[in-house]
Amino acid sequence: MPFPDEPFAEQVRVLPHQPRGAEEGADLVARLRRLLPDGAAVEHIGSTSIPSKLAKDWIDAMVRVRSLPTVRSRTILGVIRTPRSDELCTLRDVEASAMSPFRTLGMCRANYEPTTVTALAAIRNAGGLWVVTDRSDRPVGSLQLRCLDGNAHVDQLAVLPAHAHQRLGKQLVEAAASWAQIRRHPVLTLSNYADIPWNAPYYERLGFQALSDDQLTSGLRRSFDRNVASGLAAWPRVTMQLLLDGL
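Under my numbering, the very last position in the sequence shown is 268; numbers go up by exactly one each time.
Below, the structure is given as structure tokens:
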């Protein structure tokens, strides 16, 4: 695909995987190309090594994407990557700051303790922790993802309030959906507040649908029960899913 004449912004999509051979790697690359957004072209696809206790091979792609509209003179296109170990404390700050809009609504119990550095390191080593960065490559948002009952499940998505309305959360969700599709998970799930504008109504606009109680898998029900026990269900919550087969 030739590059259009318009200016481009660079985006790095890093999709964790451990290929079991050259044939599987080639299949992943072909599927990755199909998942790229319209107007995008692949500049480089290769394999790289991420230092961690669990040595992993990663499929990474350098993608050139048509520039998007700007907000306050900043491009709304961020870079999604795995965090470095020295950035984990920063991610706790991001998670804590992302709770401030809830406090303005009087939802004091939503101001829970951020994920510990130890837990973040474990999630990162398992390949389920990503960040979206600003122009200076500083993390301004994060996403925690894991496999649950054969599907991909978002445990946490946080964006600094100062970087709200830049579609960074949407980018993180799209990266999670791509990760799930690469692994052939049919569904992406998450749990959030039913009546908060930037929770369930926002995810509905991204294509998520609410699940009824009888649609919850055993893992989703356990996750919901933990939220209840921690006080997060003092306000109405809903579990949602995004069907990935048609994406």
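In this text, a Cβ means the ideal position worked out from N, Cα and C, and glycines have one as well.
Ranked by Cα distance from residue 175, the options 182, 163, 181, 185 are led by 163.
Counting C-beta pairs with one atom in each stretch, the stretch 137-152 and the stretch 119-126 have fewer than three that are closer than 8 Å, which means they do not touch. Every beta strand (DSSP E) stretch that sits fully inside the stretch 101-176 and reaches 3 residues is listed by chain position as 150-154, 160-169.
Residue 186 sits exposed, since fewer than 16 C-beta atoms from the chains shown fall within 10 Å of its C-beta.
Residue 248: member of the alpha helix (DSSP H) spanning 239-250, first to last residue. Taken atom to atom, the span from the alpha-carbon of residue 221 to that of residue 214 is near 6 Å. In this structure, DSSP gives residue 231 an extended state, which the three-state scheme calls strand. Under the DSSP assignment, residue 226 falls in the alpha helix (DSSP H) whose first and last residues are 221-226. Under the DSSP definition of a beta bridge, residue 201 lacks any partner.
Here residue 160 is buried. Its C-beta has 16 or more other C-beta atoms within 10 Å. Between residue 150 and residue 165, the gap from beta carbon to beta carbon is short of 8 Å. Here residue 171 is exposed. Its C-beta has fewer than 16 other C-beta atoms within 10 Å. Judged by DSSP secondary structure, residue 262 falls within the beta strand (DSSP E) whose first and last residues are 258-264. Just measuring C-alpha positions, the residue of 153, 122, 121 sitting nearest residue 112 is 153. Taking C-beta separations shorter than 8 Å and ignoring five residues to either side along the sequence, the partners of residue 257 in its chain run 214, 215, 216, following chain order.
Going by DSSP, residue 211 is part of the beta strand (DSSP E) stretching over 208-214. Here DSSP, grouped into helix, strand and coil, assigns residue 185 to coil.
Contact check for residue 182 and residue 119: beta-carbon distance about 7 Å, within the 8 Å limit, so the pair qualifies. If you draw a straight line from the Cα of residue 177 to the Cα of residue 144, it is about 11 Å long.
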